[in-house]
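All remarks here apply to the structure that follows.
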DNA sequence: AACACAAGATTGGATATCAATCAATGCATT
DNA sequence: AATGCATTGATTGATATCCAATCTTGTGTT
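Protein chains in written order, with my numbering: chain A, 139 to 423; chain B, 139 to 423.
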């Protein structure tokens, strides 16, 4: 459909929701232009798209940075997401046919099998996807796009927080929501959706200072080389599971990695490198 | 915050929601660059913003056009708007304090006075604003932005349709929604919001072919000259009221105005000039 | 140590240029 | 006359280069 700037925006979006580009990371025009081998103008257009999507923030004469939402904004994003999904739930409880309910059940079942098989990465993806499938069944493309944007922003948020979830409960929620809706117990289903998201947010502990573990060039490398399937090589979903051993991710790329993060002038030594240790990189769903 | 491209995007947005730039109208880069006295690149960035907002559509190697949503998309936009406002209503019924209710009542009262005074233009604006104020009281900026975008798109839709509303009922709806919500009758309030929007949509008769009455240069002229307050000179809200006399708008700018609209190859004589006569240019609220 | 000033770097934007693509025109053919 | 085809023109997508404004940094002075 569109040209280079859209595909670059897509790549950047992907890198951000994969947590390869973390909030605060500077997205320099010249640097990205070299990485993607395009002119600065195309990069600028891509950055405008990211900013419109809420994933980047452009400061006049200072450049673009990966968005670093405040705790307030995080709450608002989750509130909006809850509102949208509750509304969709209300629509589906009226209008959804048997095929739709079957698709939802099938999806939940696939996730359950992934969990049983210990395939946490797949379970994460399916857990995310459930919400997308849910909204898609509303057959409202406008709503889908709004929801997808909110989901992208919640995914960005997870770069900023140290989470502490009970995954089993969250997984069961999906199943229970489908059950309640199909039985026409809309009110309970909506309450459960609310609780579902509140559970996620309550587990959030924002540590606003995030240190990138790689330069943009390193972060974007997996998405660039030709026809390589990004899904296999690029997604670094390293789930820490229950063993809070020291994250290897922080070290195997080397402490020598440049810190391309925009920080206020607070003394950088006070926030020790140890604070970057994530207790959880999984995706709540 | 941002530079020229944002302000140009704002101006174009304004012109579109004022119905000075109608769906299908070509937004040529070179033409706009001359009008705004900037380079094509800045115009392109502005057009990207418009496209992200759903107000323009960019076709590769063909250029940008004011968006021309299908009937399907129109329904989806209104569904999404209903969903959002119902959700906000649910939140407000729980959380809104006395000051909030007072603000809503005050706003309704202002609109009522405007109607009583026969100031239809002001009543239109206030009617639009009610929905914005309503959502603002949720104190959720993310939701506000989503809602504002949907409202812009509904406003765009009104360039495409021949409407047939009962304005008195629509005005009363606002008042009744506030009453119902404050009394805690959430369900009824949500139904009324649904009915409110359905009433608007049901009045829609889309005539997909819209003919611009002026060139982009003419359409944008009022927004350009320096410090002139656009609100006074630029908004051409010519309400046809109950007298369906032939719209003067179609003639006083001259039939010689260039037709800068993108049309399929259907013979242009079949859709006679008379079909552009609008029976209503007012804003349902 | 605090402040002021100068140098460097980055962004925002203009201009000129080029290739690719689409639309329209005109011509030839049936 | 109508249809089909090729050329021409116009517009977009994109690049390179250049310049002004602004921000950051580093140095020097008090």
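C-beta: ideal position from N, C-alpha, C; glycine also.
Quick one, which of the options has its alpha-carbon nearest residue i's?
i                     : options                    : result
residue 242 (chain B) : B:318, B:164, B:207        : B:318
residue 249 (chain B) : B:332, B:283, B:237, B:266 : B:266
residue 283 (chain B) : B:191, B:174, B:322        : B:191
residue 332 (chain A) : B:228, B:296, B:294, B:208 : B:228
residue 432 (chain B) : A:292, A:231, A:278        : There is simply no residue 432 (chain B) to check, as chain B begins at 139 and stops at 423 in what is shown.
residue 210 (chain A) : B:272, B:280, B:313, B:297 : B:280
residue 145 (chain A) : A:169, A:329, A:175        : A:175
residue 272 (chain A) : A:320, A:200, A:142        : A:320
residue 200 (chain B) : A:141, A:232, A:157, A:255 : A:141
residue 322 (chain B) : B:147, B:157, B:204, B:232 : B:232
residue 204 (chain B) : B:336, B:147, B:340        : B:147
residue 299 (chain A) : A:257, A:329, A:340        : A:340
Counting only the same chain and skipping the five closest in sequence on each side, list residues whose C-beta sits under 8 Å from that of residue i.
i                     : result
residue 380 (chain B) : Low per-residue confidence applies at residue 380 (chain B): pLDDT is 34, beneath 50, and the placement is therefore not dependable enough to give any value.
residue 264 (chain B) : 245, 248, 249, 252, 423
residue 177 (chain A) : 171
residue 151 (chain B) : 188, 191, 193, 290
residue 198 (chain A) : none
residue 169 (chain A) : 354, 355
residue 274 (chain B) : 282
residue 330 (chain B) : 311, 314, 315, 318
residue 257 (chain A) : none
Taking Cβ positions, are residue i and residue j nearer each other than 7 Å?
i                     : j                     : result
residue 225 (chain B) : residue 225 (chain A) : yes
residue 182 (chain B) : residue 167 (chain B) : yes
residue 327 (chain A) : residue 338 (chain A) : no
residue 206 (chain A) : residue 162 (chain A) : yes
residue 311 (chain B) : residue 285 (chain B) : no
residue 290 (chain B) : residue 155 (chain B) : yes
residue 212 (chain A) : residue 295 (chain A) : yes
residue 157 (chain B) : residue 313 (chain B) : no
Can you give me the Cβ contacts of residue i inside the same chain, cut-off strictly under 7 Å, excluding the 5 residues immediately before and after it?
i                     : result
residue 153 (chain A) : 159, 357, 358, 361
residue 288 (chain A) : 215, 218, 219, 222
residue 253 (chain A) : 261, 309
residue 185 (chain A) : 165, 194, 196, 202
residue 292 (chain B) : 215, 216, 219
residue 269 (chain A) : 223, 289
residue 276 (chain A) : 226, 229, 230
Only counting the same chain, and skipping five residues up and downstream in sequence, which positions put a Cβ closer than 6 Å to that of residue i?
i                     : result
residue 179 (chain B) : none
residue 398 (chain B) : Because residue 398 (chain B) carries a pLDDT of 37, less than 50, the predicted location of this residue cannot be relied on, and no value is offered for it.
residue 149 (chain B) : 361
residue 143 (chain B) : 180, 183, 184
residue 240 (chain A) : none
residue 336 (chain B) : none
- Report the residue ranges of all beta strand (DSSP E) runs contained in full by the segment 189-254 of chain A; include only those spanning at least 3 residues, in chain order. 194-197, 201-204
- Query: What alpha helix (DSSP H) runs, 4 residues minimum, are completely inside the segment 272-305 of chain B?
  - Reply: 279-295
- Query: What are the start and end residues of each continuous beta strand (DSSP E) run of 3 or more residues lying completely inside the segment 147-192 of chain B, in chain order?
  - Reply: none
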